[in-house]
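**Q**
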Amino acid sequence: MRFLIAAIFILFSSLGFSQENLQHKVVKGETLYSISKKYNVPVSQLEQLNPQAKKSLALHSILIISENNNTQNSNAFEHKVIAKETLFGLSKRYNVSIEKLKELNPSIESEGLKVGTVIKIADSTSQTISDQKADKKSKRKKKKKEEESELQEVFHIVSAKETKYGISKKYKISIADLEKLNPQIKNGLEIGTRLVIQTSQKIIQEEITPNIIKPVSIDGMSKADSVIATASNNIGTKYRSGGTDSEGFDCSGLMFSSFKTIDITLPRTSSEQANFGVKIDKNTAQKGDLIFFATNGSSVSHVGLITEVSENDIKFVHSSTSSGVIISSLSEEYYEKRFVQINRVIP
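As structure tokens, then:
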């Protein structure tokens, strides 16, 4: 009987310890993303608890999954700040204004955004994020009804393989009217050309807006963190035409290989990848989106993965012919002049 009581005590003690300090031993073929899905925790949490894994995931290494069993019970209206996060990034992620974040967290004004600090995203009397989205959706519907019969001038940026016929069908406008509004296209279309379109508000709301403002989901943000980490781990690897591994990458090969780790199979070339996913406006770009350039003529010929978005700049990891895998900025004159489009491929 004493032996049985002692065994039960040891069993419950070990269970309590494992819940309080959850760990995982890395096996062959695992990635931070696959481990995060297994334990239902964000990649950012794994990186925060295991800084070394951000650079390299060593075989048989021990990862801390959760420091205590209260991790999953944290206040849904709070967020723990991790390295490199900004107020701008948090405001986009949680759909709350920077002013509101500062109002809820007065210390930000004097102390800034410190790593490890738990900040409030909304107070208990505030609307939930889903409520805010519902309100915005309701307002959009109301505005659409009020302006449905009005005509409004909108714009379209020409992308690879588009034709005047295809554009005219999309916006329900004749080719003759399209050319009348845009005389420069009478002799042909060039990628990146900004076209004036005259169409109804109804078409604007139903055909254009969803492709522009649809945000990345919370699960999508986790996938974005994972694919960025995978691509960034190859910084310094040389450029190799047709390459898709550590022996060398070309630009689309780096994207193809990196997205494979989150179970997304991209087409093999940059021009084909430019037609994958949903093309979005540059102002709604988020990390994890693909960014395309015309570096060789007027057609898409180069691709990168957006790693960071700020108010005035977009940074991306890519494989350049001169320097191999590096991180560059859209504010650099070379890339700013050759920018074509941004695609969202992570839902």
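Residues -18 to -1, 1 to 329 in mature numbering (1 follows the signal peptide of the UniProt record, and there is no 0) are what the sequence shown spells out, letter by letter. By construction, the Cβ of each residue, glycine as well, lies at the ideal position given by its N, Cα and C atoms.
Could you name each continuous alpha helix (DSSP H) segment of 4 residues or more that falls completely within the stretch 214 to 302, going from the start of the chain to the end?
**A** DSSP runs (the alpha helix (DSSP H)) wholly in the stretch 214 to 302: 233 to 242, 252 to 255.
**Q** Please classify Glu29 as buried or exposed, where buried requires at least 16 other C-beta atoms within 10 Å of its C-beta.
**A** Here residue 29 corresponds to residue number 47 of the sequence shown, with the count starting at 1. Under this definition Glu29 is a buried residue.
**Q** Going straight from the alpha carbon of Asp295 to that of Tyr316, what length do you get?
**A** Position 313 of the sequence shown, counting from 1, holds the residue named residue 295. Position 334 of the sequence shown, counting from 1, holds the residue named residue 316. Near 14 Å, if we compare the C-alpha coordinates of Tyr316 and Asp295.
**Q** Going by other Cβ atoms of all chains shown within 10 Å of its Cβ, with 16 needed for buried, is Arg176 buried or exposed?
**A** As a working note, residue 176 is residue 194 in the sequence shown. Its Cβ having fewer than 16 others within 10 Å, Arg176 is exposed.
**Q** For Val285 and Ser310, I'd like the C-alpha separation in whole angstroms.
**A** On the sequence shown, residue 285 is found 303 positions in, with the first residue counted as 1. On the sequence shown, residue 310 is found 328 positions in, with the first residue counted as 1. So the two alpha carbons sit approximately 12 Å from each other.
**Q** I think Ser239 touches Ala142, with their Cβ atoms under 8 Å apart; what is that distance to the nearest whole Å?
**A** Start at 1 with the first residue of the sequence shown, and residue 239 comes out as number 257. Start at 1 with the first residue of the sequence shown, and residue 142 comes out as number 160. That belief does not hold up - the Cβ atoms of Ser239 and Ala142 are roughly 23 Å apart, past 8 Å.
**Q** List the endpoints of the continuous beta strand (DSSP E) containing Lys7.
**A** Locating residue 7 in the sequence shown gives position 25, counting from the first residue. 4 to 7 is the span of the beta strand (DSSP E), which, as asked, contains Lys7.
**Q** With distances taken Cα to Cα, identify the nearest neighbour of Ser18 among Asp271, Met203, Ala256.
**A** Numbered from its first residue, the sequence shown carries residue 18 at position 36. The shortest C-alpha separation from Ser18 is found at Met203.
**Q** Looking at the structure shown, is Val63 part of a helix, part of a strand, or coil, going by DSSP?
**A** Within the sequence shown, the letter at position 81 stands for residue 63. In this structure, Val63 counts as coil in the three-state DSSP scheme.
**Q** DSSP has Gln323 in a bridge; who is on the other side?
**A** The residue given as residue 323 occupies position 341 in the sequence shown. Paired residues: Phe274.
**Q** Report back the beta-carbon spacing between Ile288 and Gly270 to the nearest angstrom; my notes put them in contact at under 8 Å.
**A** Here residue 288 corresponds to residue number 306 of the sequence shown, with the count starting at 1. Here residue 270 corresponds to residue number 288 of the sequence shown, with the count starting at 1. So it is a contact: roughly 7 Å between Cβ atoms.
**Q** Can you check DSSP and say which residues form a bridge with His138?
**A** Here residue 138 refers to the residue found at position 156 when the sequence shown is read from its first residue. Answer by DSSP bridge pairing, in chain order: Leu177.
**Q** Which residues bound the alpha helix (DSSP H) around Val307?
**A** Here residue 307 refers to the residue found at position 325 of the sequence shown. Counting along the chain, Val307 falls outside any alpha helix (DSSP H), though it belongs to the beta strand (DSSP E) covering 306 to 311.
**Q** In the DSSP assignment, find the unbroken alpha helix (DSSP H) run with Ser150 in it and report its ends.
**A** Translated into the one-based positions of the sequence shown, residue 150 becomes position 168. Segment 146 to 153, the alpha helix (DSSP H) holding Ser150.
**Q** Compare the beta carbon distance of Asn32 and Ile46 with 7 Å and say whether it is the shorter of the two.
**A** In the sequence shown, the residue the question calls residue 32 occupies position 50. In the sequence shown, the residue the question calls residue 46 occupies position 64. Their beta carbons are under 7 Å apart, which means Asn32 touches Ile46 by this criterion.
**Q** Distance check for Thr226 and Thr219, CA to CA, integer angstroms please.
**A** Taking the sequence shown and counting its residues from 1, the one referred to as residue 219 is at position 237. Taking the sequence shown and counting its residues from 1, the one referred to as residue 226 is at position 244. Cα to Cα, Thr219 sits roughly 11 Å from Thr226.
**Q** Quick check on Leu45: does DSSP put it in helix, strand or coil?
**A** The residue you call residue 45 lines up with position 63 of the sequence shown. Here Leu45 sits in strand by DSSP.
**Q** Quick one: is Ser208 buried, meaning 16 or more other Cβ sit within 10 Å of its Cβ, or exposed?
**A** Along the sequence shown, read from residue 1 onward, the residue named residue 208 stands at position 226. The residue is buried, with at least 16 neighbouring Cβ atoms inside 10 Å.
**Q** Using C-beta distances below 7 Å, list every residue in its chain close to Pro249, excluding the 5 sequence neighbours before and after it, in chain order.
**A** Position 267 of the sequence shown, counted from the first residue, corresponds to residue 249. Here the set comprises Gln255, Phe258.
**Q** Run through the DSSP bridge pairs and tell me what Ile101 is partnered with.
**A** In the sequence shown, the residue the question calls residue 101 occupies position 119. Answer is His61.
**Q** Can you tell me the Cβ-Cβ gap for Leu236 and His300, rounded? I've got them flagged as a contact below 8 Å.
**A** As a first step, residue 236 is located in the sequence shown; it is residue number 254 there, counting from the start. As a first step, residue 300 is located in the sequence shown; it is residue number 318 there, counting from the start. That pair is a contact at about 7 Å.
**Q** If you reduce the DSSP assignment to three classes, tell me which class Val198 lands in.
**A** Against the sequence shown, residue 198 aligns to sequence position 216. Three-state DSSP puts Val198 in coil, outside helix and strand.
**Q** Would you mind reading off the limits of the alpha helix (DSSP H) that contains Pro33?
**A** To locate residue 33, count along the sequence shown from 1; it is residue 51. Segment 33 to 37, the alpha helix (DSSP H) holding Pro33.
**Q** Leaving aside the five residues before and after Lys62 along the sequence, list all residues of the same chain whose C-beta is less than 6 Å from its C-beta, in chain order.
**A** Start at 1 with the first residue of the sequence shown, and residue 62 comes out as number 80. Result list for Lys62: Val100, in chain order.
**Q** Cα-Cα, which of Glu60, Glu318, Val198 is closest to Thr266?
**A** Counting from one through the sequence shown, the residue named residue 266 turns up at place 284. Here the closest residue by C-alpha is Val198.
**Q** Give the DSSP-derived three-state secondary structure of Leu171 in the structure shown.
**A** Position 189 of the sequence shown, counted from the start, is the residue given in the question as residue 171. Correct three-state label for Leu171: coil.
**Q** Please identify the residue among Ser79, Ala213, Lys261, Thr13 whose C-alpha is closest to the C-alpha of Glu144.
**A** Walking along the sequence shown from the start, residue 144 turns up at place 162. That would be Lys261, whose Cα lies nearest to the Cα of Glu144.
**Q** From Ser106 to Glu60, what distance separates their C-alpha atoms?
**A** The sequence position of residue 106 within the sequence shown is 124, counting from 1. The sequence position of residue 60 within the sequence shown is 78, counting from 1. The predicted position of Ser106 is uncertain, since its pLDDT is 47 and thus under 50; a value taken from the coordinates is nonetheless stated next. Those two C-alpha atoms are separated by around 11 Å.
**Q** Which class does residue 343 belong to by DSSP, given the choice of helix, strand or coil?
**A** Residue 343 falls outside the range modelled here, since the chain spans only -18 to 329, and no answer is possible.
**Q** Between Ile80 and Ser89, is the Cβ-Cβ spacing less than 7 Å?
**A** As a position in the sequence shown, residue 80 is number 98, starting the count at 1. As a position in the sequence shown, residue 89 is number 107, starting the count at 1. In this structure, Ser89 does not lie closer than 7 Å to Ile80 by Cβ.
**Q** Could you have a look at Lys19 and say whether DSSP puts it in helix, strand or coil?
**A** The residue you call residue 19 lines up with position 37 of the sequence shown. If DSSP states are grouped into helix, strand and coil, Lys19 belongs with the helices.
**Q** How long is the line joining the alpha carbons of Phe241 and Glu12, rounded to whole angstroms?
**A** Counting from one through the sequence shown, the residue named residue 241 turns up at place 259. Counting from one through the sequence shown, the residue named residue 12 turns up at place 30. Roughly 15 Å between the two C-alpha positions.
**Q** Note down the Cα distance separating Leu93 from Arg75, rounded to an integer number of angstroms.
**A** Mapped onto the sequence shown, residue 93 falls at position 111. Mapped onto the sequence shown, residue 75 falls at position 93. The identity of residue 93 in the sequence shown is Glu, whereas the question assumes Leu. The straight-line gap from Cα to Cα measures roughly 22 Å.
**Q** Over the uninterrupted alpha helix (DSSP H) stretch that includes Lys74, give me the two end residues.
**A** Position 92 of the sequence shown holds residue 74. Looking at the DSSP string, the run of the alpha helix (DSSP H) that includes Lys74 is 69 to 76.
**Q** Going by DSSP in three states, Ser26 sits in which element: helix, strand or coil?
**A** Taking the sequence shown and counting its residues from 1, one reaches residue 26 at position 44. Residue state, collapsed to three classes: helix.
**Q** Can you tell me where the alpha helix (DSSP H) holding Ala40 begins and where it ends?
**A** One-based indexing of the sequence shown puts residue 40 at position 58. Element bounds for Ala40: n/a, residue is neither H nor E.
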